[in-house]
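Residue numbering for the sequence shown follows my numbering, starting at -15 and increasing by one per position.
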Amino acid sequence: NFRIDIRGTRGSAWNKSAARVFAPIVMRNEGYPDTYETRHLILSAFTTHMDTLIWRFRHLNTSEEAQDLVESQARRRSRKYQVYFLVRLFLRRHRTAIRFPLLQDQIPMLKELGIDAMSCDESERGNGDVEKRYRISSPDWRADKVTQWLRTFDSAYHISRKIAPPKAGAPPRVRYATNTKSDGRAVPDLPASAYNSDWLQQHQQQRYDLAPRADEAYDFTPGIAVMEWVI
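Rendered as structure tokens:
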């Protein structure tokens, strides 16, 4: 099993080793070039995710029962397949933005959001279904317009697959949007427009800790040219 040391720090020997093992796995499985930039991007996303899991463990109730519950949840989330998917989704969107000039200006904000702003998937297979389907569960702290903004990357990716020559490999997973929300620590120090305003009103302490950049209103509405291209 692929696990991090939830009681340690991102700089512990165990967690550093986990990060070094994780990066080449993603590059090999996804066909990314083994370059310094790609390796650095994967390691940054992975260590940011570790910070979130460790923060959740340390800042919730300190009772033994609560700690055991959080540790159990963190272990499940830190399994190889879950972390692998979140990083894979982030890198896919990043790679799509690099390929298409109309999305390149959005890359800095995509990097600010990072892996912990990506949506989780919950698998399900109904009676008679041949393949698994995955419910998209968006972070509860994330503004809905950010969700729409991220779907622009996904639309561009899927269109590029349709017009590109077929390649060998596993087919893309079937994902569908729902109103389901996932909890978790919000990414700090983002423009205020990146956060769900209702969520901020209900979580005043988190709002103070997050320090949203109120003086910077990032426009998450895709440009007209981008929307015309992906439709």
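Backbone N, C-alpha and C fix where the C-beta goes; we use that ideal spot for every residue, glycine too.
Three-state secondary structure assigned by DSSP to residue i
| i | result |
| --- | --- |
| Pro175 | strand |
| Ile120 | strand |
| Ala152 | The predicted position of Ala152 is uncertain, since its pLDDT is 49 and thus under 50; a value taken from the coordinates is nonetheless stated next. Ala152: coil per DSSP, three-state reduction. |
| Asp199 | coil |
| Arg126 | strand |
| Ser217 | A question about residue 217 goes unanswered here, because the residues of the chain that appear run from -15 up to 215. |
Distance between residue j and residue i (C-alpha atoms, nearest Å)
| i | j | result |
| --- | --- | --- |
| Arg79 | Asp199 | 30 Å |
| Gly168 | Asp128 | 16 Å |
| Ala(-3) | Arg72 | 24 Å |
| Pro123 | Arg145 | 27 Å |
| Leu174 | Gln90 | 14 Å |
| Tyr179 | Tyr20 | 32 Å |
| Asp18 | Gln188 | 43 Å |
| Asp203 | Glu14 | 31 Å |
| Ala140 | His33 | 26 Å |
Within 8 Å, strictly: CB atoms of residue i and residue j
| i | j | result |
| --- | --- | --- |
| Val5 | Gly98 | no |
| Ala230 | Arg76 | The structure shown has nothing for residue 230, since the chain only spans -15 to 215. |
| Thr(-7) | Ile38 | yes |
| Ala29 | Phe84 | no |
| Ile(-12) | Asn(-1) | yes |
Contacting residues, own chain, Cβ-Cβ under 8 Å from residue i (five flanking each side not counted)
| i | result |
| --- | --- |
| Pro196 | Asp173, Leu174, Pro175, Ala176, Ala178, Tyr179 and Leu184 |
Residue span of the alpha helix (DSSP H) that contains residue i, given as start and end
| i | result |
| --- | --- |
| Arg(-9) | Careful: Arg(-9) lies outside any alpha helix (DSSP H) and carries neither H nor E. |
| Asp193 | Gln188 to Leu194 |
| Arg4 | Ala(-3) to Glu14 |
Contacts around residue i, its chain only, beta-carbon distance under 6 Å, and the 5 residues preceding and following it disregarded
| i | result |
| --- | --- |
| Arg23 | Ala7 |
Nonlocal neighbours in the same chain, by C-beta distance under 7 Å from residue i, ignoring five residues either side
| i | result |
| --- | --- |
| Ala81 | Leu87, Gln88, Gln90, Ile91, Leu94 and Phe137 |
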